[in-house]
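Notes follow the structure.
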Amino acid sequence: VKSLFGARGPALLLDSKHKTWLVVTIVVGGISWGVYAVWDAGTPGGSTGGSRIGLLYGLLGAGCMVFAGLLSALRRFPRWGMLGSRQWWLRGHIWLGLLSVLFIFCHANYRFGGPIEIALWLVLALTVLSGGFGLLMQHVLPRLLGTQIDNEVPFEQIPHVCLELLRKSDKLVELLCGQEYAPTEGLPAGKRQLRAYYEEQLRPALAAKGRSADTLILSGMNVAAKIKQLGQLPGLEASGKELADLESNCKKRRALVEQERLHAWLHGWLFVHIPLSAALLVLGMVHVVSALYF
Ligand code: HEM
Ligand code: HEM
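Counting along the sequence shown from 1, when you hit position 82 you're at 94 in the working numbering, and nothing is skipped either side.
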């Protein structure tokens, strides 16, 4: 539990403020369940989804789900921020999202129901599971990769920073080995080989956009060893500083590949969670209409 609510590391999603929500959720959930169980036991043949208490619990569950869905709307209506910070909305999102499951269990009297209800159960379960999965990733991944990503660049600026690294590297190699496509016959062996290595391997990797294959090659290549080896060749003995800069550019580019990958994981799961929550809304309405009118 300590690690779940620990205060270590930046931007935790599960911090100590969750304790309050946890307690409130358990108390509200426990009382609601107790009330339902007593009512259910006192109802001959057991309660149903369409009974008064069944409907009340259906509405409570729906209310929790709608509240959870409002997290999306918060983006479009920043004024709602007056009610609470995004973190407050997110905490409510998580705990009320979980609580909705209990209300719906009572509403359905622990039954699966017909095809529509079964589909609804499935979508609800997947929504909650994908939410939990995403939360876990947001919590765990940055720490796992934290050692590799120390100077984080804002995500939107990554392409720009990559371009800068490429330009700087071009300049470095130009400085050492002359302009691109200029004849290399007169150059010493070290400079000739550096030019070839740069143009054939490093530059394509540095110039590759996003997380494409070339940049991944960069992580597989042993750039440091190759550059060290080149530095011992004639013509490059005195260029240690430039070579070190070149190597450092490749290292930075590689770190950005990792950061982009992390970003993709942290945001990709929402492409599952959000459509599921939309499906929940649609199916829920189908269920309500069909249950009430047919
Ligand atoms: C994810 C959300 C929901 C699930 C999984 C769900 C599931 C179910 C199930 C399994 C039943 C049959 C229960 C029984 O046999 O007694 C049922 C019945 C019913 N539900 Fe829901 N329900 C959900 C949300 C709602 C909501 C928000 C409402 C509207 C207030 C609602 C209205 C009804 C009604 C009126 C019935 C009675 C149908 C009948 O007796 O023929 N449900 N629901
Ligand atoms: C009925 C249940 C739920 C619904 C309808 C729902 C819906 C949504 C929606 C629409 C978003 C996108 C918000 C945005 O546009 O920024 C979202 C985000 C998220 N949801 Fe849920 N969700 C539900 C339950 C849960 C649960 C149970 C958890 C965790 C255990 C969870 C965790 C998250 C997280 C971590 C985010 C990302 C928030 C962020 O980083 O900005 N959700 N959810």
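Glycine included, every Cβ here is placed at the ideal spot set by N, Cα and C.
Please read these numbers as outputs of a predicted model, since none were measured by experiment.
Does the structure place the segment 260 to 270 close enough to the segment 281 to 294 that three or more beta carbon pairs sit under 8 Å? With contact defined as three or more Cβ pairs closer than 8 Å, the segment 281 to 294 and the segment 260 to 270 are not in contact.
Distance check for I170 and A256, CA to CA, integer angstroms please. Translated into positions along the sequence shown, residue 256 becomes position 244. Translated into positions along the sequence shown, residue 170 becomes position 158. Approximately 22 Å between the Cα atoms of the pair.
So within the segment 164 to 192, which uninterrupted alpha helix (DSSP H) runs reach at least 4 residues, ignoring any that extend past its ends? The qualifying runs are 170 to 189.
With three or more beta-carbon pairs closer than 8 Å as the criterion, would you say the segment 112 to 129 touches the segment 33 to 45? yes
If I'm right that L258 touches L184 with Cβ under 8 Å, what's the distance once you round it to whole angstroms? One-based indexing of the sequence shown puts residue 258 at position 246. One-based indexing of the sequence shown puts residue 184 at position 172. 5 Å between Cβ atoms; contact.
Is the beta carbon of E129 less than 8 Å from the beta carbon of H275? Position 117 of the sequence shown, counted from the first residue, corresponds to residue 129. Position 263 of the sequence shown, counted from the first residue, corresponds to residue 275. With contacts defined by Cβ atoms closer than 8 Å, E129 and H275 do not form a contacting pair.
With distances taken from CA atoms, which of L206, M233 and W107 is nearest T37? Taking the first residue of the sequence shown as position 1, residue 37 is located at position 25. Per the Cα distances, W107.
Straight-line Cα distance separating K263 from K253: Locating residue 253 in the sequence shown gives position 241, where the first residue counts as 1. Locating residue 263 in the sequence shown gives position 251, where the first residue counts as 1. Looking at the two C-alpha atoms, the distance is approximately 15 Å.
heavy atom of ligand 1 below 7 Å from L60 C-beta: To locate residue 60, count along the sequence shown from 1; it is residue 48. The sequence given here has Thr at residue 60, not Leu. Yes, Cβ of T60 sits closer than 7 Å to a heavy atom of ligand 1.
Report the option in R207, G73 and S302 whose CA atom is closest to the CA atom of S187. For this step, residue 187 is matched to residue 175 along the sequence shown. First, the amino acid is wrong: residue 187 is Leu here, not Ser. The option with the nearest alpha carbon to L187 is R207.
Work out the CA separation of G280 and Q205 for me, nearest whole Å. The sequence position of residue 205 within the sequence shown is 193, counting from 1. The sequence position of residue 280 within the sequence shown is 268, counting from 1. Distance between the alpha carbons of Q205 and G280: 41 Å.
For a test of the three-state rule: what should DSSP assign to Q99, helix, strand or coil? The residue labelled residue 99 in the question sits at position 87 within the sequence shown. DSSP places Q99 in helix when its eight states are reduced to three.
Contact under 8 Å by Cβ, G109 with G73: What you label residue 109 is simply residue 97 of the sequence shown in a count that begins at 1. What you label residue 73 is simply residue 61 of the sequence shown in a count that begins at 1. The answer is no: Cβ separation not under 8 Å.
Counting only the same chain and skipping the five closest in sequence on each side, list residues whose C-beta sits under 8 Å from that of V235. Numbered from 1 along the sequence shown, position 223 holds the residue referred to as residue 235. Answer for V235: L214, E259, C262 and K263, listed in chain order.
Through-space distance from W133 to G296, alpha-carbon basis: Taking the sequence shown and counting its residues from 1, one reaches residue 296 at position 284. Taking the sequence shown and counting its residues from 1, one reaches residue 133 at position 121. Going by the C-alpha atoms only, they are around 10 Å apart.
Rounded to the nearest angstrom, what separates R64 and V284 at their Cα positions? Position 52 of the sequence shown, counted from the first residue, corresponds to residue 64. Position 272 of the sequence shown, counted from the first residue, corresponds to residue 284. Answer to the nearest angstrom: the Cα atoms are 34 Å apart.
Quick check on DSSP: helix, strand or coil for N121? Here the question's residue 121 lines up with position 109 in the sequence shown. Three-state DSSP puts N121 in coil, outside helix and strand.
Classify L245 as helix, strand or coil using the three-state DSSP reduction. To locate residue 245, count along the sequence shown from 1; it is residue 233. Residue state, collapsed to three classes: coil.
For C118 and Y48, the rounded distance between their alpha carbons: By one-based count along the sequence shown, residue 48 stands at place 36. By one-based count along the sequence shown, residue 118 stands at place 106. Rounded to whole angstroms, Y48 to C118 spans 7 Å at the Cα level.
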